[in-house]
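Here's the structure, in structure tokens; my notes come after.
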Amino acid sequence: MNSRTSFALLALLTAVGTLTMSSAYADQHQSTMHMEEKQNLPPACVQCDPENAKTSAKTSLMKSIPISVWTDKAEYGHNDMIRVMGQVANTASGFSVTVTVVSPINSIVTIDQVSVAEDGSFETMLNTAGTLWKYDGTYTIKANYGSTEKSNKVQVELIGGEAMVKPTTPSTTTCGVNEITANGKCIPYSITGGTVTSAKINTNDKSIVISINAKNDGTLTVTPAKSVQDGIFMVLVDGEEWDDVQIDKVTNKVTIMFLAGAEKIEIIGTFVVPEFGTIAAMILAVAVISIIAITAKSRLSIIPRY
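Letter 111 of the sequence shown, counting from 1, is numbered 120 in the numbering used here, and no numbers are missing.
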């Protein structure tokens with residue numbers, strides 16, 4: 010082998026050695042980087058079963074929430090015990106958890122102060138027996154620890170009790186365009202020369218009192234149903250008996266001619282529909298009279314006869 014061939018072979022061997030060392034260094038460097046990345050990863054539960062994995066995840070989650078609260082069931086009867094449990098993330102000495110229960114009608118059912126254990130857990134029992142728990146529906150259990158920021162809630166359903174009856178608002182009477190409302194009754198009317206501002210039923214005088222704004226001389230025609238007023242026989246305008254009146258006994262229609270400036274027209278009859286309070290008073294009076302009569306009869310029956 011001549012000298013030129015020897016130099017070529019030596020150069021080839023040097024190049025191969027350099028590539029081998031570079032590859033080995035690269036593999037070692039990548040291995041070191043992977044080890045550093047693995048050290049930065051959070052610990053994994055390699056051989057845990059699904060339940061243990063869920064428990065571990067739940068524990069980690071509760072540590073990030075100021076206060077957690079839950080119950081042993083979601084549905085209860087009205088004579089059950091509700092087991093309320095919870096966890097406080099960061100406990101403070103001298104503080105307890107305030108547990109408040111709110112009913113479906115938004116009223117407070119009970120308030121309880123619960124001590125917190127060293128590990129941050131707390132637990133209490135709630136008895137659903139009692140009048141404050143009588144309604145079916147969703148009850149909200151609130152847990153508060155020291156401040157409003159550290160609060161949480163859970164909801165449960167109570168069944169098998171009384172159905173909650175929502176309070177009903179009294180319905181307002183809606184009358185037609187040519188009708189006016191008087192004590193919840195619609196009375197047909199027409200007017201010229203002015204406007205009707207209001208009307209009411211006077212049960213004491215058996216009359217309908219209508220307030221008007223009369224800019225000119227005009228006419229007011231009123232046709233109350235006979236169940237509202239009957240037996241119309243007199244009309245007063247601003248407190249004085251009025252003669253310019255036409256009364257139709259058959260149709261129960263009354264027409265009044267008034268002067269400009271008139272303010273109040275009172276139509277008097279022999280009957281007007283009584284108010285609810287009047288009906289209740291009449292029923293009460295009849296009931297009292299009946300009781301007195303029965304009592305008197307009973308006393309007479311026990312008097313010895315000679």
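Yeah, the Cβ is synthetic: ideal placement off N, Cα and C, and Gly gets one too.
Checklist line | Pairwise C-alpha distance: N153 and N161 | finding: 7 Å
Check: From which residue to which residue does the beta strand (DSSP E) around T206 run?
Finding: K194 to N211
Note to self: For the pair the region 206-218 and the region 248-256, tell me if three or more CB-CB distances fall below 8 Å.
What the structure shows: no
Note to self: Assuming contact is defined by CB atoms lying nearer than 8 Å, are S118 and W142 in contact in what I supplied?
What the structure shows: Note on residue identity: the sequence assigns Val, not Ser, to residue 118. Contact: yes.
Check: If you check the beta carbons only, do V259 and I276 fall under 8 Å apart?
Finding: no
Notebook entry, point to check: Across which residues does DSSP place F104 in a beta bridge pair?
Noted result: Answer by DSSP bridge pairing: none, since F104 is not bridged.
Next item on the list: Indicate whether the contact test is met: 3 or more Cβ pairs, each with one atom in the region 94-109 and one in the region 125-135, closer than 8 Å.
Entry: yes
Check: Using 8 Å as the Cβ pair cut-off and three pairs as the minimum, do the region 162-170 and the region 190-202 touch?
Finding: no
Notebook entry, point to check: Which partner residues does D247 have in the DSSP bridge list?
Noted result: Looking at the DSSP assignment, D247 forms no beta bridge with any residue, so it has no partner.
Next item on the list: Please state if the CB of I274 and the CB of V244 are separated by a distance shorter than 8 Å.
Entry: yes
Margin query: Using only CA atoms, which one of G146, T230 and V205 lies nearest to G86?
Written below: G146
Item checked: Cβ distance (whole Å) where A318 is taken to contact G203 below 8 Å -> It is not possible to answer for residue 318, since the shown part of the chain is limited to 10 through 315.
Check: Skipping 5 residues on each side, what residues in its chain have a beta carbon closer than 6 Å to that of G155?
Finding: F104
Next item on the list: Decide if S112 is buried, meaning its Cβ has at least 16 other Cβ atoms within 10 Å, or exposed.
Entry: buried
Margin query: I need the DSSP call for Q255, collapsed to helix, strand or coil.
Written below: strand
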